[in-house]
Each structure stands twice: as structure tokens, then as C-alpha cells.
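Peer 1: Going down the list, the sequences are from chains C and E.
Under the working numbering, the first residue of the first sequence carries the number 2, and numbering increases by one thereafter.
Under the working numbering, the first residue of the second sequence carries the number 18, and numbering increases by one thereafter.
Quick reminder that beta carbons are idealized off the backbone N, C-alpha and C, glycines included.
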Amino acid sequence: MLLPLRRPLRLVTPTLFLLACAWAQAQTAPGPAPVAPVAAPAVRPAGGASDAVAPPADVAPVPAEALSRDARRIYELSRDKLVQIRTLLRQADTQASIGSGFFVSADGLIVTNFHVASQLALEPERYRGVYVTMEGQEGEVELLAFDVQRDLAVLRAKARTAAAPVLRFRPAADALAQGERIYSLGNPLDIGFAVTEGTYNGLVRRSFYPRIFFGGALNPGMSGGPAVDDTGRVIGVNVAKRLDGEQVSFLIPAEFAEALVQRAANAAPITEPAHAEMTRQLAVHQQLLTERFLSAPFREQRHGNYRVPVPDDALARCWGSGRDPAFPGLNLERTQCRADSDVVAGEFNTGTVRLAYEAYNAPTLGAARFARVLSQSFENERLRTRGNRHQTAAECHERYVDPGSLPLRAVVCLSAYRKLAGLYDMTLLVVSVNQPTQGVLGRLDVQGIAFDNGMKLAQHYLQAFRWEAAP
Amino acid sequence: MTPTLGLLEAFDRHGALLARAPVTRWPVTVGRALACDLVLDDPFVAPEHLRIDRPAGAPGGVQVELLETRNGARLQRRHFRQGERFDWPDGAPIELGRTHLALRLADAAIAEEQALPHFPWRTAVQTAVLLALVLAAALAASWLEARDAAKYLKSLPGMLLILLVVLGAWAGAWAAANKLFAGRLQFWRHVRIASAVYLAADAVQLASHFAAFAFSWELLARFAPMLPALVLAGGLHAHLAAILPRRRVGLAWMVAAAVAVGVPAWLGTQWLSNMRLSNTLYMSSLFPPSLRVAPAVPVDQFLQEAQALRGQLDRRLQGDGHGDEDE
Chain C
2 MLLPLRRPLR
12 LVTPTLFLLA
22 CAWAQAQTAP
32 GPAPVAPVAA
42 PAVRPAGGAS
52 DAVAPPADVA
62 PVPAEALSRD
72 ARRIYELSRD
82 KLVQIRTLLR
92 QADTQASIGS
102 GFFVSADGLI
112 VTNFHVASQL
122 ALEPERYRGV
132 YVTMEGQEGE
142 VELLAFDVQR
152 DLAVLRAKAR
162 TAAAPVLRFR
172 PAADALAQGE
182 RIYSLGNPLD
192 IGFAVTEGTY
202 NGLVRRSFYP
212 RIFFGGALNP
222 GMSGGPAVDD
232 TGRVIGVNVA
242 KRLDGEQVSF
252 LIPAEFAEAL
262 VQRAANAAPI
272 TEPAHAEMTR
282 QLAVHQQLLT
292 ERFLSAPFRE
302 QRHGNYRVPV
312 PDDALARCWG
322 SGRDPAFPGL
332 NLERTQCRAD
342 SDVVAGEFNT
352 GTVRLAYEAY
362 NAPTLGAARF
372 ARVLSQSFEN
382 ERLRTRGNRH
392 QTAAECHERY
402 VDPGSLPLRA
412 VVCLSAYRKL
422 AGLYDMTLLV
432 VSVNQPTQGV
442 LGRLDVQGIA
452 FDNGMKLAQH
462 YLQAFRWEAA
472 P
Chain E
18 MTPTLGLLEA
28 FDRHGALLAR
38 APVTRWPVTV
48 GRALACDLVL
58 DDPFVAPEHL
68 RIDRPAGAPG
78 GVQVELLETR
88 NGARLQRRHF
98 RQGERFDWPD
108 GAPIELGRTH
118 LALRLADAAI
128 AEEQALPHFP
138 WRTAVQTAVL
148 LALVLAAALA
158 ASWLEARDAA
168 KYLKSLPGML
178 LILLVVLGAW
188 AGAWAAANKL
198 FAGRLQFWRH
208 VRIASAVYLA
218 ADAVQLASHF
228 AAFAFSWELL
238 ARFAPMLPAL
248 VLAGGLHAHL
258 AAILPRRRVG
268 LAWMVAAAVA
278 VGVPAWLGTQ
288 WLSNMRLSNT
298 LYMSSLFPPS
308 LRVAPAVPVD
318 QFLQEAQALR
328 GQLDRRLQGD
338 GHGDEDE
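1. Taking only beta-carbon atoms, is residue 294 of chain C less than 8 Å away from chain E?
2. So residue 368 of chain C and residue 305 of chain E are supposed to be a Cβ contact under 8 Å. How far apart are they, rounded?
3. In the DSSP output, what is residue 425 of chain C paired with across the bridge?
4. Measuring only the C-alpha atoms, how far is residue 57 of chain E from residue 111 of chain E?
5. Following the continuous alpha helix (DSSP H) through residue 75 of chain C, name the residue where it begins and the one where it ends.
6. Does any residue of chain C have a CB that is nearer than 8 Å to the CB of residue 299 of chain E?
7. Just to confirm my understanding: we take residue 229 of chain E, look at its own chain, exclude 5 residues before and 5 after, and list those with CB closer than 7 Å. What are they?
8. DSSP three-state label for residue 296 of chain E, please.
9. Name the chain C residues that come within less than 9 Å of residue 307 of chain E, Cβ to Cβ?
10. Residue 318 of chain C to residue 340 of chain C, Cα distance in whole Å?
11. For a contact meaning CB atoms closer than 8 Å, what does residue 398 of chain C contact in chain E?
12. Determine whether the beta carbon atoms of residue 40 of chain E and residue 51 of chain E lie at a separation below 8 Å.
13. So for residue 226 of chain E, helix, strand or coil by DSSP?
14. Considering only the beta carbon of each residue, do residue 101 of chain C and residue 225 of chain C sit closer than 8 Å?
15. Leaving aside the five residues before and after residue 161 of chain E along the sequence, list all residues of the same chain whose C-beta is less than 7 Å from its C-beta, in chain order.
16. Tell me the DSSP secondary structure of residue 332 of chain C in three-state form.
17. Using 10 angstroms around the beta-carbon of residue 82 of chain C, count the other beta-carbons present and answer buried if the total reaches 16, otherwise exposed.
18. For residue 201 of chain E and residue 62 of chain E, what's the separation of their Cα atoms in angstroms?
19. Along the region 144-167 of chain E, what residues have a CB closer than 8 Å to any CB found in chain C?
20. Would a check of beta-carbon distances place residue 96 of chain C closer than 8 Å to chain E?
21. Residue 465 of chain C: which of C:405, C:143, C:237 and C:422 sits nearest, CA to CA?
22. Could you have a look at residue 82 of chain C and say whether DSSP puts it in helix, strand or coil?
23. Whole angstroms are fine: how far does the CA of residue 195 of chain E sit from the CA of residue 46 of chain E?
24. If we ignore side chains and look at the alpha-carbon of each, how far apart do residue 193 of chain C and residue 108 of chain C end up?
25. Per DSSP, residue 117 of chain E forms a beta bridge with which residues?
26. Under a CB-based cut-off of 8 Å, is residue 239 of chain E close to chain C?
27. Who are the neighbours of residue 386 of chain C on chain E, taking C-beta pairs under 7 Å?
28. Could you name the residues of chain E that residue 460 of chain C contacts, counting a contact when the two beta carbons are closer than 8 Å?
29. From which residue to which residue does the beta strand (DSSP E) around residue 346 of chain C run?
30. For the beta strand (DSSP E) that residue 101 of chain C lies in, which residues bound it at each end?
31. If you measure from the beta carbon of residue 252 of chain C to each beta carbon in chain E, is any gap under 8 Å?
32. Determine whether the Cβ of residue 172 of chain E lies closer than 8 Å to any Cβ atom of chain C.
33. Counting Cβ pairs closer than 8 Å, one from the region 87-104 of chain E and one from the region 139-149 of chain E, do we hit at least three?
34. Does the beta-carbon of residue 198 of chain E have 16 or more other beta-carbons within 10 angstroms, so that it is buried, or is it exposed?
35. Whole angstroms are fine: how far does the CA of residue 73 of chain C sit from the CA of residue 338 of chain C?
36. Return the chain-ordered list of same chain residues with a C-beta closer than 6 Å to the C-beta of residue 185 of chain E, the five sequence neighbours on each side being excluded.
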């Protein structure tokens, strides 16, 4: 990213949100999917609704001894409370994406992920939602409320006469112990309802919002499905998994779903594009993020005499790497940090903070050649030079800046979100200009930030650069 | 045998001899008719185009009278029509149709024999110096990029070969054009022009990046890629003027017009597609820090200035024309 040299390590950790989209299925069959044998039927175009859901007889007769008795019990307990959520194109009536959900109230409230229902929230004129029960019973849903920060949404099954069977939430006070068996339910890849066993591994470290670390397999299409304890009470909602690991999956703690259900109970259905509400929630998110970053000074990271700011360990995960073997005269240290705070805002993710450094030291290279190396690295930074339908192109301001002991060349670039009024992506590039054969290059990326908060973060960041002369 | 009073010669526009006729009596006629003393094949010449006379009474002067002609004739930028008469000064060519006419009189003084040109040491040295500079510039540029000495040395032969081939092909193409239009190759002259342009473009590039760094002139950095293009336009003119030296003024206007149209067209395209005149977002060429002259400002001032971005982004939101583009 920063340098035309080789990138030794892939630091952007791929997280797959467990939404199965018609297109994603066909084109990018979810990443390094260990689901090769199941991919083929998933690509099959969804014919009719009744055709897509296999009759229960097909799903149920699994050899009983292959499953633990608990899983079998959980399955029986929950099967009538689970639904599949489909987003359909209004005109063509083809399904655009699928996820899972579950009934939480007798009057038909369904909990699922925001990223499953985002098209209903943002483009209700183009998409409509339906739920399909395990028995193949289908009905319209309407969106009542969503929580972008936690990736939750509450829907209501319309025109339902019979009381819905519901899953109950496990009280937050009744904490699970690490290693306890839990069960995740949903409809992976539109194949049929499934229960997967796994373990509760506590909360994910450094996650900006609490997330449960589920040691079990989740697959696309299970998004929004419940994870339950061995008495069938909901402890979390399926949301994502890591693509670079096995059985590293994430759940949203049930308390947030419970809170959203309470908010949704009396809410009017959302029938207009809800960008304003999404923007409001993202504004809250960026405010929290800014406060977390500003509440404490940056940690100092040493590169020779340079002191560069990195976030607190609890806030962001950092990775470092060493020199480039193809360039013997150049000592290079690289660091990349990323706050685990991204949120799904419909078609794109936002809300994350990234920091990256490259520290160079080349005493034998000579000032001219060193300046050239540094220039190439500085020039290589990718910025948004062209706008698209989500964002404008970047506008930049640049200057020599001196926070005290270290003159820097600083470039701040912002690009505005078109439909998220008042939110911006900010990139701050800095390169030291104090030593002929040493230098440090930094980049701060903040997504979905308000202008003033962006400036505050930039100030906090720039002030933290230091040169400590040898004693 | 009658004495030869003069020699009438006709040339085409490139100076090639078309016809010649010794003058043994006055007057003589020129035209396409076989009865003329000098017969021309130029379709823009009348059958009997003009008559040249040297009246015995007149003191040495040669007179021309235009006969029945539609196109007339030109002498020293003056145009004469049918029936007009004029004096023909010694040594000046007359243009009729597409033909140039020259007259040597037997009693005119003959210029001294010229010495054969010596080997042009001066230009040879100039060429050698320019080539050496180009070589040095190329070597220095690749040394700046090189990661270690061994790799650099290994890459030298290939680089030199490419440099020579490109320079040779460029100068060769111009020399071919030169041969075609002016009858002379002038290969080394085009080599000199190409070398000078390369060096000048390099120097302009370096100077603009350096000034941008030293004085924090961001504007210069944004348009730095455009300055060598202007140098290139100057070089183009030099090549063309070497081929057609008589038209150098006209060519200068042409090149200037191309620049005057091309630069705004380029800027306009940039503006229409990205709403900015240059797609370079920031100054990225760094030099050794001791060469920096511009002061570094406090962080607060920098961010205060950055407030202007808000307005700029608002303008983009209102209409940058990218609102319906996919990633």
C-alpha cells in the first residue's frame, strides 16, 4: 500500500458477513469457502419459492446417532420458530439476497441482521421482503427498526393470523461460561435449515462493539439466525465469520436484539428510504469512535529516533513487518493497525479506523537516492481520485506542518458520502522532512466521520509525532 | 558561332533544374509553346508567358514584359499581371506558375571559388557534448532508482541500448522527413535537437518538482507533468524548422496554435471528468530536507486551513457528475 515493494503480510483480515446474495453466490462464491461441495446447488437460480425450500422430509431424516442428542433436541425445539428472510426485486420477483431470522413475539416480530434487510431499509421502492418458514409457508415482511451499529433489524410478518411460536432470550445476567456448548441455527446457502454445534468462547477481544466469539461453523445465508443455549434460549444472533480461519465465527449478543425488539414493538413500518436514520446511527457510531480515540493519548511507537502514534492495544490490532530483502541498502519497518469497528451501511462498509507506518533508514544510500525512494513510496498512496455513487472524489489540503520537534509534510484528504449527509472518509498522509537518509511515512484512514471529528482526530494524530534527538 | 549573352534556367520548387537555355540574342520568350526560347512543362504557365529583353540603350538593365497570361509572375514578393513590365535585378528569381526562373548574364561578375567545407569540428563537439549529457542524465536517473550497485551495473547495457535505439529512431525519422522535403538528411542536427529537448524537459521537470518542494508551491507540482510537454512542443518546432527553414515563422505559429488548443482541451477534459484541472492530488516529490525553504506551520493552522475542504466537498456533492457511477 505505501510502497511499491512487496507486501509481506496481508493484514486486512477478511470477515465475511453471512449474507448470501444471488450475485455474490454466482460470481465470488464466498471466498476461500470450505463449502465447495455445497456451492453447486447454491448457484442454481431460485425458481419459485416453494421450489427453493426443500420439504422438511428432506432435511429431517439425518441419522440420529450422527448428531448429538442435544443438537437433535435443539432442532426440534426451534424449527418452527426459524424463518428464512429473502429480499426480492419488486419488478422481477427474483431473490436478491437471503438470510435467516427468528420469531421473538407472538405478533410476528422477527429478528435478523441489518445487512440482510438493508435493501428493504434503503431501497424499499425496489425491494420487498418475505419470510419462509421451515414448512415452506411464505409471507410478506415489513421492516420496523434497525441498528446499524450492531447490525440488527426487526421485521414484522404481515397478515399472520396464528400466533407465532417464539424463541426466548436468555437473560443477560445469566452469563455463559467459556467453553459451553451452543447451537447456531439458520439456512446456509439456501440449502435448508441447519443446526451447527459450537462453543461459546466469550467476547471478541478489541471488538468495538461486543461480539461473541463462536467456535463453530457459520455459512452465508445463516446471517440473522439465532444462536441458542442448550435450553433453546437465544444468546446471540449469527453475523459473520473470519475467512482466514476455520470455525471462527461471530454472534451479536442477544441483549442488543432484545433492546431493538422493544424499540420496534411500537414503531411504524419503514416504507421510505431510511438514509436519514442510518446516517443518524452512523453519526452516533463515529462520535463514540472519536471519543474512544481522543479519550487517551496515543501510544508511542519507536522507529529509530522517530516516535509515531499508534492506538491503544484495546482499541486496535497492530501488525508489524520487517525489511525488504530485495533492497539491501534500505531498512524498512512497517506497521499497520486497524480498529475492529466497521459497520455495514447497505452496499458498503464504513466506520473503521486504520493506521499505517513505514519507517525507513538507509545510512549508506545517500540523500538523493533516499529522497527518491521516499518520494516513490509517498507518491504511491491511493486516494479516491474519482467519485462514485456512494462518495465524491477526494479534496485535499497540504502543507509543511511542525507539531513541535519534527517537521512533516502533511496531506489531508476528505471525500463526502452522498447519501450520508455530514459524513466523510478522511485520509491523512504524513511524511517526515527532517533527516536526509531517515524518514517515516504515516497514513491515517478514518471512514464515516463527521468533519469536525475528523479534524479533531487529525489534530490528535499530528500532535503525537515526535523526533527524539540522541542524548 | 554567336556569343552567349546569358544563361536562362528554370528550377522547380525544391531547386531541381528543369530546363536551361543559353541566350544568344535579345529578346527571349518563355512559355509552354515550342516556339519559345525556353520551353516549360508547367501547366500554370501560359503558352507565351513572358518576354525578356535587354534593350541596347538601357544601361545594363534586363526588362521583363508579361504576355498573355492568367497567373502573371512574382518577383521579390511583388505580383505582376498580364501586360505589365518590370526590371529584373541581377540574381533575383522570378516565379511563374510553379517554376522559378533565374538568369545569369555573361558580363556579370562571377563569384570566387569557394573552399570545400572543412570537417565541422564545432558541431561535432556540440553533438558529442549533448550526447554525453543525455547519457549522464539517463545514468543518473537510473542510479537514483537503483536498489544496489550490482543490479544497476547489470541493467546498464540494456538501458544504454534502449536509449540509443530510441534516440536513433527519433532522429532517423526526422532525418527521413528532412530528406523527403528538403533533399538533405541532417541526421546529426536532429540528434542534437532531440538531445537538447530531452535535457531541457528533464531540467524543467526537475526544477518544477524542486521548486514545488522547496517553496511548497503545490500548484507547480500539480501541473509539473504539463511543463515538459511545452518543452516538447518547442522541440517539435525546432525539428520542423530544420526541415523547412524558410517556413519557420509559419511553423512557430502552427506549433503555438497546437499548444493553445491542446492545453485548454486537456485541462477541460480533466475538469469535465474529475472536476479538477489536474488529477495529481498532492505534491509527492521529496528532496533532501535541507533544501526545504517554505516554513512549517503549527498543526492548528494547518487544520484551520483544511476547513476550506468542507465547501469544496459541498460543491462536489452538488454536481460532480459521478453520482451514478459504480465503483
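Peer 2: Taking the structure as given:
1. no
2. 4 Å
3. C:417 and C:450
4. 14 Å
5. 70-79
6. yes
7. 235, 237, 238, 241, 300 and 302
8. Looking at residue 296 of chain E - three-state DSSP - the assignment turns out to be coil, as it is neither helix nor strand.
9. Per Cβ cutoff of 9 Å: 368 and 437.
10. 6 Å
11. 319, 322, 323, 325 and 326
12. Contact check for residue 40 of chain E against residue 51 of chain E fails: the beta carbons are separated by 8 Å or more.
13. Three-state result, residue 226 of chain E: helix.
14. yes
15. none
16. In the structure shown, residue 332 of chain C falls within a strand segment according to DSSP collapsed to helix, strand and coil.
17. buried
18. 29 Å
19. 160, 161, 162, 163, 164 and 165
20. no
21. C:405
22. helix
23. Computed Cα separation, rounded: 36 Å.
24. 25 Å
25. E:28 and E:112
26. no
27. For residue 386 of chain C, the neighbours in chain E by C-beta distance under 7 Å run, in chain order, 291, 296 and 298.
28. 316, 317 and 320
29. It spans 344-346 - the beta strand (DSSP E) in which residue 346 of chain C sits, taken as one unbroken run.
30. Here the beta strand (DSSP E) through residue 101 of chain C covers 96-104.
31. no
32. no
33. Cβ pair count under 8 Å is below three, so no.
34. exposed
35. 43 Å
36. none
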